[in-house]
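Which chain is which? The protein sequence lines are A and B, in order. If you're matching positions, the first sequence starts at 1007 in this note's numbering and goes up one per residue. If you're matching positions, the second sequence starts at 757 in this note's numbering and goes up one per residue. Working notes, structure below.
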Amino acid sequence: MAEHRQDLQRELEGIEAKVIELFAMVAEDLARATDALLSGNNEVVKVLAEREAVIESLYPEIEETVNRNILLQAPVASDLRFLLSVLRIMPELERSHDLVENIARRADHILSDDLSPRARGIVERMGELVSDMWRQASEAWYQRDSSAAALLAERDEEMDELHASLIAELASGSMTLPVAMEMTLVARFYERLGDHAVNVARRVVYLAGSLPPD
Amino acid sequence: MEDSEQKVVTNLPRSEVAAAQPAQSDASEAGTEIFGAKKVSCYYGSFRAVTDVSLQIYEHEITAFIGPSGCGKTTVLRTLNRMNDLVSGAHVEGDVEYRGASLYGKDVSAIAVRRRIGMVFQKPNPFPKSIYDNVAYGPRINGERNKGKLNEIVERSLRQAALWDEVKDRLNNSGLGLSGGQAQRLCIARTLAVEPDVVLMDEPCSALDPIATSAIEDLMRDIKQRYTIVIVTHNMQQATRVSDRTAFFSVLRNEESDTRTGVLVEYGRTQQIFEDPHDDRTRAYVTGRMG
């Protein structure tokens, strides 16, 4: 059976490739940001700023292509669900990369020696967990796997516990006040990154629909 | 003939009776079942055009039949008012119930059926008569002679078909002088004049421009409060715009015997069919991927 509408198909594949690129940037840069924070390596900040420029140009490009295809191609079923889902997750991806950048920027202000060993351990654990969550969310999107939503919601609870532990540690007075203030923000950034990963996985439920993937 | 017609009128529950029942206020719930097709197969001679179609059609809803050419959607539509009886060699297996009574029962007159279940065709086909006489045609055949009553019916039907304002000053002009969209609305008015229970529409807009198409679609939405509508359309956007439910038909090929037959693939709420079809063949068709 011949596949028709190959122009539309190519456009959709082009959009998907760019979305995957955005996912990859969030997941990869997240690991780098944690590493920068803990090692005090502020070189990463420059790299991430360059990435931000790429995202800033990708974002309107994807949005414009989605708008055009909704307008001109009258998409329905899986095509429409895909285009609507892209519009819905793009702000999550953009916002998430901003948060990653914000974490990395703290490498400038905080020396790793400023952190208590316990705080350092929790941050390390938060970084690993949220990187993992984002890998799962990316994979769920790519595979159109709606089961990831429940899984990620569970992991997010773990994230919330780590967040609470870090806040408790910061409140214990084991670090200087300026460091504690900065780290409160960092804790919040990680926690938000977890929430965004959950949101993306939830969007996949609509995207996946009830048909098994092609 | 006269006898069997009388019989069917008493056999088939009257729409007025059903109209007196409580209205279904919740549009998401299925209302009164108007048609129940049960394992319907249609043959033209030995050619089986449609195989094993079962579906229900509900009161005051617009049901759309979509599918590629040759999938049997028009054939199934025509089983709903026994139009296939007019094709020699055609026969139907299985059964179609209309308001709970078999349409194909021994005592049922096809002519009486068609009075209750009107049809609008792809190509507007006004009679070569005046606009007035086109609409008054059915009521006159049904024995209406009262001029005042006829005037009333003609005006009401033309208003329901959203044509009154355009033709009220030239009711005695020929129906053949109307534009395509007006002629189609005249045919709809002619169908409504006999106060049918159901209106079947076989691609009613395929010969019309977008403005005339919009006018017919608006009119379908207006009249569905009073009638039940089944429409065959090749225009999927039209199905999404007007219909409550959509049935997707497709062609099943038998490679061994080199034969093809129409089958009902999926039937559901229109939003579900176009947003999240459950069958891969439906998805391939509505997204335009099927070759």
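A virtual CB, placed ideally from N, CA and C, is assigned to each residue, including glycine. For clarity, every value in this text was computed on a predicted model and none was experimentally measured.
Spatial distance of B/K924 from B/G823 (CA atoms): Cα-Cα distance, rounded: 38 angstroms.
Residue-level contact to chain A via CB, B/R1045, 7 angstroms cutoff: So, interface residue.
CB contact below 7 angstroms: B/F1030 versus chain A: Under the Cβ distance rule, B/F1030 counts among the residues neighbouring chain A, one pair being separated by less than 7 angstroms.
Those residues which DSSP pairs with B/C798 across a bridge: Within the DSSP bridge table, the entry for B/C798 names B/V806, B/V848 as partners.
B/I867, buried or exposed, once every other Cβ within 10 Å from all chains shown has been counted against 16: Counting C-beta atoms within 10 angstroms of its own C-beta, B/I867 has fewer than 16 neighbours from the protein chains shown and is therefore classed as exposed.
According to DSSP, residues forming a beta bridge with B/D974: Per the DSSP secondary-structure output, B/D974 pairs with nothing in a beta bridge.
Chain-ordered chain A contacts of B/P1033 [CB-CB under 9 angstroms]: Scanning chain A for C-beta atoms nearer than 9 angstroms to the C-beta of B/P1033 yields V1082, A1083, S1084, G1215, S1216, L1217, reported in chain order.
Opposing strand residues paired with B/I822 [DSSP bridges]: Answer by DSSP bridge pairing, in chain order: B/F1004.
Any C-beta of chain B under 7 angstroms from that of A/R1011: Between A/R1011 and chain B, the shortest Cβ-Cβ separation is below 7 angstroms.
Which residues DSSP lists as bridging B/I873, in chain order: For B/I873, which the question treats as bridged, DSSP gives the partners B/V954.
Selection from A/V1136, A/A1154, A/V1025, A/D1114 that minimises the alpha carbon distance to A/T1071: The candidate whose alpha carbon is nearest that of A/T1071 is A/V1025.
Beta-carbon neighbours of A/R1087, restricted to chain B and to distances below 9 angstroms: What A/R1087 touches in chain B: E1031, D1032.
Pair within 7 angstroms by beta-carbon distance, B/F791 and B/I818: For B/F791 and B/I818, no; Cβs fall outside 7 angstroms.
Best match in B/A793, B/N929, B/L932 for proximity to B/E853 [C-alpha to C-alpha]: The shortest C-alpha separation from B/E853 is found at B/A793.
Cα-Cα separation, B/R946 to B/S802: If you take the alpha carbons of B/R946 and B/S802, they lie about 36 angstroms apart.
Beta-carbon separation (whole angstroms), A/R1141 vs A/A1214, contact threshold 8 angstroms: Going by Cβ atoms, the distance from A/R1141 to A/A1214 rounds to 18 angstroms, so no, they are not a contact pair.
Status (buried if at least 16 other CB within 10 Å, exposed otherwise) for B/S825: Sixteen is the threshold: since fewer than 16 other Cβ atoms of the shown chains lie within 10 Å of the Cβ of B/S825, the residue is exposed.
Of the residues A/N1073, A/D1138, A/G1133, the one placed nearest A/L1018, counting alpha carbons only: The shortest C-alpha separation from A/L1018 is found at A/N1073.
Chain-ordered chain A contacts of B/Q993 [CB-CB under 8 angstroms]: Ordered by position in chain A, the residues that pass the 8 angstroms Cβ test against B/Q993 are A1080.
DSSP-derived helix/strand/coil call for A/L1054: In this structure, DSSP gives A/L1054 a helical state, which the three-state scheme calls helix.
Same chain only: Cβ atoms within 8 angstroms of B/R804, ignoring 5 sequence neighbours per side: Cβ within range, chain order: S797, C798, T1015, T1017.
Exposure label - B/N890; buried when at least 16 CB within 10 Å: Burial of B/N890 is indicated by the presence of at least 16 other C-beta atoms within 10 angstroms of its C-beta.
Sequence-distant residues of the same chain with beta carbon closer than 7 angstroms to B/A786, five excluded per side: Answer for B/A786: Y814, listed in chain order.
C-beta neighbour in chain A for B/V1042, strict 7 angstroms: Answer yes: the Cβ-Cβ gap between B/V1042 and chain A drops below 7 angstroms somewhere.
Straight-line Cα distance separating A/N1108 from A/V1206: Distance between the alpha carbons of A/V1206 and A/N1108 is about 20 angstroms.
Closer than 7 angstroms to chain A by CB, B/R1039: B/R1039 counts as touching chain A.
Rounded separation between B/V954 and A/S1091 - CA only: In this structure, the alpha-carbon of B/V954 lies about 40 angstroms from that of A/S1091.
B/H1034 CB to nearest heavy atom of the ligand NAD below 6 angstroms: Among the components of this structure there are no ligands whatsoever, and the ligand NAD is therefore not found.
Inter-residue spacing [alpha-carbon to alpha-carbon] between B/P952 and B/S858: Answer to the nearest angstrom: the Cα atoms are 18 angstroms apart.
Any C-beta of chain E under 7 angstroms from that of B/I967: Judged by its chain identifiers, the structure shown contains no chain E, and its protein chains are A and B.
The stretch 1180 to 1192 of chain A contacting the stretch 1093 to 1113 of chain A, beta-carbon criterion three pairs below 8 angstroms: Using a C-beta cut-off of 8 angstroms, the stretch 1180 to 1192 of chain A makes contact with the stretch 1093 to 1113 of chain A, since at least three inter-stretch Cβ pairs fall below that distance.
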